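Working notes for the structure below.
Number of protein chains: 2
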Amino acid sequence: MNEDDVARSGQLALLLEVSAYPKPGNVSRTHDFAETSYEHFLASAVAVYPVLREAAARGFAWKGGGGVGVGELVRRAVEESVAWQSGGNTHFGALLLLVPLAVAAGSYKPDLDPGLLKRRAEEVVQNTSVEDAVELYRAFPKAKVKVRAGVPEFDLTDAGGVREIRASGKSLHEILEISASYDLISRELVGGFEKTFRYAELLKDWIKNKDKERRVNDAVTNAYLRLLSEERDTFVEMKFGAEKSESVRRRAEEIVNSGCKRGEVEEFDEELIKEGVNPGSTADIIAAALFVALLGGLRV
Amino acid sequence: MNEDDVARSGQLALLLEVSAYPKPGNVSRTHDFAETSYEHFLASAVAVYPVLREAAARGFAWKGGGGVGVGELVRRAVEESVAWQSGGNTHFGALLLLVPLAVAAGSYKPDLDPGLLKRRAEEVVQNTSVEDAVELYRAFPKAKVKVRAGVPEFDLTDAGGVREIRASGKSLHEILEISASYDLISRELVGGFEKTFRYAELLKDWIKNKDKERRVNDAVTNAYLRLLSEERDTFVEMKFGAEKSESVRRRAEEIVNSGCKRGEVEEFDEELIKEGVNPGSTADIIAAALFVALLGGLRV
């Protein structure tokens, strides 16, 4: 496992996640959004390779403590993503998860012990600084991420936000602890990537135990639905409020409980696409779970 | 344009080519083969990145003459491809075209003059040695390529082929000149990448002039049909003979002449898939054309 293996695992995770279908509400190989197409996601996954490789190389050299530059790496990955495609935000949330995981994968050998990878990724996030926070805030407008209105910690529409962050002296980890109350990705980052690693195991089991035909696609789709049934999606909640995100969660739960029948999943997909309801945070965590599974030796 | 830009352009070309649909007879985002799925192609495109980057880096340092190692690079790219996926041959023909193009792109600045890129790629192929031929022959069994029966130059099922090649003293270029009589890819390699560069221009024009929606997908599909209407596909001819490959060519010609109507293309696709007729060489050249277009600044 060298830095190219880490970058390839991260990139393939992004590609397998976006390709999976039917994946209710999100871009897949069979669904584009009005402004963001499947091809934009392909190009974005291609674009971030050099940054994922550098994250792994820095992790390999890292002795712990500060200075690994997670915020800068995320900002640069976002810059590469938008330089290679014109569809706007594709992978911001996924990159927030993938970059610390890539750093961790570079410094440990995940094929030996997934527990070490998890602890190391946690350590990477805990050791972030105020500069990491500043860099991340710089990445927001580049990524064209829709930010929750009325949440002062994430008022990032102008440079004032950056000055305030620096003045506050808060590390990225401290800021994520605040946003964890309402944001799935932040919760995952400060909570030791609990869902990421749990779903990585599920994905490996499901792919191993399924028929050959369509096994990867179905495992990804089912993992996505299962996670959507467990947690209200942040993207949905920001755009449509808590009631809608809860009803999406409950609908996913019904579908999972009745065995993820293809017809029901397709119907759910059509409805969400029509309403513009895209559970993006759920997809980001599944991409991270695929990354961990591939780092652990999963192959298609 | 650095070596990562070259590798990313090559990789994105492979991804956009395989994703395009409906693409009569070949794997696309909507069609798997029995043993080789769309996901196998995604993983293969991910796998070859480090080799494409090294090809560009060697090209950057190359002063002309021998020693750039095209054969070795193709063999290693094939090894990476099959290490990352279990679907067998995905990109052998495409890699034969992409590797010399990546070397050429590393040594010149293709964003300045596509003519220079074309001449340099031609020079890379002309300067191959007997060692390049030996390496390529070593790659054949790894790639699980179906080789034309009864063509002694391509009897590569055992190590005897390698010994014979070395004894013959023929360079890769000289061998390709022989196989050019019946093989589209060989013809392209010894003929200065004529179709590759012509279709790169067509793709750029079509993508620029089309409506935003589905423009990349449709441009790739139409380019594929146009090329299929011009030349009998080698893959089809090897498996089914000259009569079949000519009838496929003529059918593509009819579809192109009546404006590539979606219904007709889909019907043609279903027929070829049912018969197992896959025009793989045509797809390989379109992948190379996409590579050149992306090197020249095309973005999705």
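Chains as they are written, first to last, in our numbering: chain A, 6 to 305; chain B, 6 to 305. C-beta: ideal position from N, C-alpha, C; glycine also. Computed from a predicted structure; not experimentally measured.
Proximity below 8 Å, CB of residue i to CB of residue j
i: B/C265; j: B/N227; result: yes
i: A/H178; j: A/V195; result: yes
i: A/K249; j: A/V270; result: no
i: A/A138; j: A/S112; result: no
i: B/D238; j: B/G98; result: no
i: A/A292; j: A/E85; result: no
i: B/V53; j: A/Q16; result: no
i: B/V73; j: B/L100; result: no
i: B/F296; j: B/A18; result: yes
i: B/L287; j: B/L208; result: According to the sequence as given, residue 287 of chain B is Thr; it is not Leu. Going by C-beta atoms, B/T287 is not nearer than 8 Å to B/L208.
i: A/Y142; j: A/I183; result: no
i: B/I212; j: B/L303; result: yes
i: A/T35; j: A/P27; result: yes
i: A/A3; j: A/Q90; result: Outside the displayed range of chain A (6 to 305) lies residue 3 of chain A, so it cannot be described from this structure.
i: B/R58; j: B/D9; result: yes
i: B/N309; j: B/G76; result: The requested residue 309 of chain B does not occur in the structure, where chain B is confined to residues 6 to 305.
i: B/K114; j: B/M243; result: no
i: B/A107; j: B/A205; result: no
i: A/R255; j: A/F273; result: no
The alpha helix (DSSP H) enclosing residue i, as first and last residue numbers
i: A/Q16; result: E8 to S24
i: A/H178; result: L177 to S184
i: A/D223; result: R220 to E235
i: B/L80; result: Going by the sequence as given, residue 80 of chain B is Arg instead of Leu. That run of the alpha helix (DSSP H) goes V75 to A88.
i: A/R304; result: Neither: A/R304 is in no alpha helix (DSSP H) and is coded neither H nor E.
i: A/N262; result: A247 to N262
i: A/Y43; result: Y43 to A52
i: B/S286; result: G285 to L300
i: A/T133; result: Here A/T133 belongs to no alpha helix (DSSP H), and DSSP marks it neither H nor E.
i: B/F97; result: F97 to S112
i: B/D210; result: E199 to N214
i: B/G268; result: R267 to E280
i: A/V150; result: Careful: A/V150 lies outside any alpha helix (DSSP H) and carries neither H nor E.
i: B/S191; result: L189 to V195
Residue closest to residue i, alpha-carbon to alpha-carbon, out of the options
i: B/E280; options: B/N31, B/K114, B/E269 and B/G70; result: B/N31
i: B/L230; options: B/G69, B/V253 and B/D137; result: B/V253
i: B/A172; options: B/H45, B/S134 and B/G15; result: B/S134
i: A/G246; options: A/P284, A/D9 and A/R220; result: A/P284
i: B/F46; options: B/A12, B/E59 and B/G93; result: B/G93
i: A/E127; options: A/K213, A/A82, A/Y142 and A/A109; result: A/A109
i: B/F202; options: B/M6, B/G64, B/D188 and B/R124; result: B/R124
i: A/A39; options: A/R13, A/P119, A/F273 and A/I278; result: A/I278
i: A/W67; options: A/H36, A/P105, A/A88 and A/W89; result: A/P105
i: B/A12; options: B/G64, B/W211, B/E272 and B/G197; result: B/G64
i: A/P55; options: B/S14, B/E44, B/H36 and B/A48; result: B/S14
i: B/A294; options: B/E44, B/N214 and B/I190; result: B/I190
i: B/V261; options: B/F240, B/A224, B/E275 and B/E242; result: B/A224
i: B/E258; options: B/F240, B/E136 and B/E235; result: B/E235
i: A/L102; options: A/V305, A/D188 and A/E251; result: A/D188
i: B/A82; options: B/A144, B/L121, B/G120 and B/S24; result: B/A144
i: A/V130; options: A/S42, A/E193, A/S33 and A/N214; result: A/E193
i: A/T95; options: A/L122, A/E136 and A/S33; result: A/S33
i: A/Y43; options: B/R220, B/E275, B/E276 and B/A185; result: B/R220
i: A/F198; options: A/L121, A/V305 and A/D37; result: A/L121
i: B/V87; options: B/V150, B/D37, B/A25 and B/E136; result: B/V150
i: B/V305; options: A/T41, A/S263 and A/E136; result: A/T41
Check: residue i C-beta below 7 Å from any heavy atom of the ligand GTP
i: A/R304; result: The ligand GTP is not part of the structure shown, which contains no ligands of any sort.
Strand pairing of residue i, partner residues [DSSP]
i: A/S33; result: A/H36
Contact list for residue i against chain C, beta-carbon separation under 8 Å
i: A/S24; result: You won't find chain C in this structure, because its protein chains are A and B.
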